[in-house]
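Shown next, in structure tokens, is the structure this report addresses.
In the UniProt record's numbering, the protein residues as written are 1 to 391.
Shown next as structure tokens:
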């Protein structure tokens, strides 16, 4: 990228705030003329509007946009606000080199950059929608292969290989059970960095308010709160996990983690932190990378391919449906609306036969599909042909 005073060197996650255009500088000067306190308040309020991972994704797209503009000798004043022809040209030049979902994320980053700086956004025009539709088709060869699900076989391999008395392994097992049976995104229960976790985004032992209890009908359950989810954002969610009578019980895993092996951690520690004498804090937060590395090491040793964090959400969803749970209950468990869940299943139903015939060859999907069809007739949504759910 060409050097420019409008684009200072900074972490990827800070680009949407720190990279400017003449119009953005004019806004900043206007705010400063009103009051320095107003200017500081304006920018401070926007810092928490996006999760760090989202800001990083947006920052990557912003870099590609400016590289494109440099190559085409686009003046700084035209880069923001960007006109529809510039945006359409940007998408068109990348459409055969990146997946449609990647380009959609890049556009979302450009839109956020405009909105943060209070600039008009031209991306809602039909021309750009047509460009995005074309990009999804031409960029299919760059799309990631469908993500495989974690199965109960994977979970049993973890249980057998993890060391029961190890603080780290106890935290990993509890996290795995909660992700799987709670149908959650891995980023909702792990932290991005062991040295930089945010209580507004990451559940702590205190904020989770874990409750081991029993329902009126005598079913053992565990409840806990998480402050942020991918779908509800800062509204968070309450997880309700039912006990099982086998080794894959999420309640027993949490009890072992919080009340036995890792008991006594400070209230401000992340929910799945574990005791560590080598850490000055006395504990180490469980990061997404460390969690997945440990899981994949175990699975690869057993001859399985590496999986990613979303595989727990997919696998848990499939397993609950195969157990006969009503799709509405599964949707509530994973934090979907009925329509969103149907759209999710629309993609999921294509992936299961493709990847997991061996894992589920003794299972009958006819009853599951019948239940899904029943839900669809109630909600009656039209499933878009071009709906692009990232799995």
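We treat Cβ as the ideally placed atom computed from N, Cα and C, and that holds for glycine.
With C-beta atoms as the reference, is residue 267 less than 8 angstroms away from residue 194? Position 267 of the chain shown, counted from the first residue, corresponds to residue 267. Position 194 of the chain shown, counted from the first residue, corresponds to residue 194. Going by C-beta atoms, residue 267 is not nearer than 8 angstroms to residue 194.
Taking the DSSP output, what are the residues bridged to residue 220? Position 220 of the chain shown holds residue 220. Its beta-bridge partners are 214.
Return helix, strand or coil for residue 269, following the three-state DSSP convention. Against the chain shown, residue 269 aligns to sequence position 269. Reduced to three states, the DSSP call for residue 269 is coil.
Give the straight-line distance between the Cα atoms of residue 398 and residue 304, rounded to the nearest whole angstrom. Outside the displayed span of the chain (1 to 391) sits residue 398, for which this structure offers no information.
Distance, residue 330 Cα to residue 320 Cα: Indexing the chain shown from 1 puts residue 320 at position 320. Indexing the chain shown from 1 puts residue 330 at position 330. If I take the Cα positions, the gap works out to 7 angstroms.
Between the Cα of residue 287 and the Cα atoms of 162, 192 and 153, which residue gives the shortest distance? Against the chain shown, residue 287 aligns to sequence position 287. For the residues 162, 192 and 153, the minimum Cα distance to residue 287 belongs to 192.
Reduced DSSP category for residue 233 - H, G, I as helix; E, B as strand; rest coil: Within the chain shown, the letter at position 233 stands for residue 233. The answer is strand: DSSP assigns residue 233 an E or B state.
Determine the extent of the alpha helix (DSSP H) in which residue 93 is found, giving its start and end residues. Here the question's residue 93 lines up with position 93 in the chain shown. First-last of the alpha helix (DSSP H) with residue 93: 84–94.
For residue 3, is the classification buried or exposed, using 16 other Cβ atoms within 10 angstroms of its Cβ as the cut-off for buried? As a position in the chain shown, residue 3 is number 3, starting the count at 1. Looking at its Cβ environment, which holds fewer than 16 other Cβ atoms inside 10 Å, residue 3 is exposed.
Check whether the Cβ atoms of residue 375 and residue 338 lie closer than 8 angstroms to each other. One-based indexing of the chain shown puts residue 375 at position 375. One-based indexing of the chain shown puts residue 338 at position 338. In contact: residue 375 and residue 338 (Cβ atoms closer than 8 angstroms).
Going by alpha carbons, who is nearest to residue 283 out of 275, 133 and 32? For the purposes of this step, residue 283 is taken as the residue at position 283 of the chain shown. Checked all of 275, 133 and 32; the closest Cα to residue 283 is 275.
Rounding to the nearest angstrom, what Cα-Cα distance links residue 53 and residue 13 in this structure? Residue 53 sits at position 53 when you count from the first residue of the chain shown. Residue 13 sits at position 13 when you count from the first residue of the chain shown. Distance between the alpha carbons of residue 53 and residue 13 is about 7 angstroms.
My understanding is that residue 175 touches residue 239, with C-beta atoms under 8 angstroms, so please give their C-beta distance in whole angstroms. Sequence index remark: in the chain shown, residue 175 carries index 175 (1-based). Sequence index remark: in the chain shown, residue 239 carries index 239 (1-based). That belief does not hold up - the Cβ atoms of residue 175 and residue 239 are roughly 12 angstroms apart, past 8 angstroms.
Just to confirm, are residue 23 and residue 58 a CB contact at a threshold of 8 angstroms? Within the chain shown, the letter at position 23 stands for residue 23. Within the chain shown, the letter at position 58 stands for residue 58. Not a contact, by the Cβ cut-off of 8 angstroms.
How about residue 148 and residue 258: are their beta carbons less than 8 angstroms apart? The sequence position of residue 148 within the chain shown is 148, counting from 1. The sequence position of residue 258 within the chain shown is 258, counting from 1. The criterion of a C-beta distance shorter than 8 angstroms is not satisfied by residue 148 and residue 258.
When DSSP labels each residue in this structure, what does residue 7 get in the three-state scheme? Taking the chain shown and counting its residues from 1, the one referred to as residue 7 is at position 7. DSSP places residue 7 in coil when its eight states are reduced to three.
Candidates 150, 84 and 163: closest to residue 126 by CA position: The residue labelled residue 126 in the question sits at position 126 within the chain shown. When each option's Cα is compared against that of residue 126, the closest is 84.
Roughly how far, in whole angstroms, is the beta-carbon of residue 313 from the beta-carbon of residue 185, given that I think they are within contact range, below 8 angstroms? Translated into positions along the chain shown, residue 313 becomes position 313. Translated into positions along the chain shown, residue 185 becomes position 185. The pair is a contact, with the Cβ atoms about 6 angstroms apart (cut-off 8 angstroms).
Tell me whether residue 226 sits in a helix, a strand or coil according to DSSP, three-state version. As a first step, residue 226 is located in the chain shown; it is residue number 226 there, counting from the start. It is a strand residue.
Name the DSSP bridge partner or partners of residue 241? Reading the chain shown from its first residue, position 241 is the one you call residue 241. Note: residue 241 sits in a beta bridge opposite 222.
Between the C-alpha atoms of residue 356 and residue 151, what's the straight-line distance to the nearest angstrom? Locating residue 356 in the chain shown gives position 356, where the first residue counts as 1. Locating residue 151 in the chain shown gives position 151, where the first residue counts as 1. Note that residue 356 has pLDDT 45, beneath the 50 cutoff, so the model's placement of it is unreliable and the number below is only indicative. Between residue 356 and residue 151, the C-alpha separation is close to 9 angstroms.
In the structure shown, what three-state DSSP assignment does residue 312 receive? Numbered from 1 along the chain shown, position 312 holds the residue referred to as residue 312. In the three-state scheme derived from DSSP, where H, G and I count as helix and E and B as strand, residue 312 is classed as helix.
Mapping DSSP to helix, strand and coil, what is residue 150? Start at 1 with the first residue of the chain shown, and residue 150 comes out as number 150. If DSSP states are grouped into helix, strand and coil, residue 150 belongs with coil.
Given 8 angstroms as the limit, is there contact between the stretch 98–106 and the stretch 115–135, that is, 3 or more CB pairs closer than that? Cβ pair count under 8 angstroms is three or more, so yes.
Among 110, 73, 81 and 373, nearest to residue 91 - alpha-carbon criterion: Along the chain shown, read from residue 1 onward, the residue named residue 91 stands at position 91. Closest by alpha carbon: 110.
Proximity to residue 115 [Cα-Cα], best of 49, 290, 89 and 207: The count along the chain shown starts at 1 and reaches residue 115 at position 115. For the residues 49, 290, 89 and 207, the minimum Cα distance to residue 115 belongs to 49.
Bridge-paired residues (DSSP) for residue 275: On the chain shown, residue 275 is found 275 positions in, with the first residue counted as 1. Paired residue(s): 283.
I'd like to know if residue 368 contacts chain C, where contact means its C-beta is closer than 8 angstroms to some C-beta of that chain. The displayed structure is made up of one protein chain only, and chain C is not part of it.
Out of 325, 323, 295 and 301, point me to the one whose CA is closest to residue 311's CA. Here the question's residue 311 lines up with position 311 in the chain shown. Residue 295 is the option with its Cα nearest to residue 311.
Taking all protein chains shown into account, do 16 or more other C-beta atoms lie within 10 angstroms of the C-beta of residue 100, making it buried, or fewer, making it exposed? On the chain shown, position 100 is the one that residue 100 refers to. Note on residue 100: 16 or more other CB atoms within 10 angstroms of its CB, so buried under the neighbour-count rule.
Residue closest to residue 189, alpha-carbon to alpha-carbon, out of 73, 332, 224 and 47: Translated into the one-based positions of the chain shown, residue 189 becomes position 189. It is 224 whose Cα lies nearest to the Cα of residue 189.
Buried or exposed for residue 1, please, with buried defined as at least 16 other CB atoms from any protein chain shown within 10 angstroms of its CB. As a working note, residue 1 is residue 1 in the chain shown. Flag for residue 1 reads exposed.
Nearest to residue 209 by CA position, among 167, 332 and 237, is which residue? Here residue 209 refers to the residue found at position 209 when the chain shown is read from its first residue. For the residues 167, 332 and 237, the minimum Cα distance to residue 209 belongs to 237.
For residue 10, count neighbouring Cβ atoms within 10 angstroms of its own Cβ and tell me buried if that reaches 16, exposed if not. Taking the chain shown and counting its residues from 1, the one referred to as residue 10 is at position 10. Its Cβ having fewer than 16 others within 10 Å, residue 10 is exposed.
Within 10 Å of its beta-carbon, does residue 98 have 16 or more other beta-carbons around it, so buried, or fewer, so exposed? Here residue 98 refers to the residue found at position 98 when the chain shown is read from its first residue. So residue 98 ends up on the buried side.
Should residue 219 go down as buried or exposed, given a rule of 16 or more other Cβ atoms within 10 Å for buried? To locate residue 219, count along the chain shown from 1; it is residue 219. Exposed, because fewer than 16 other Cβ atoms sit within 10 Å of the Cβ of residue 219.
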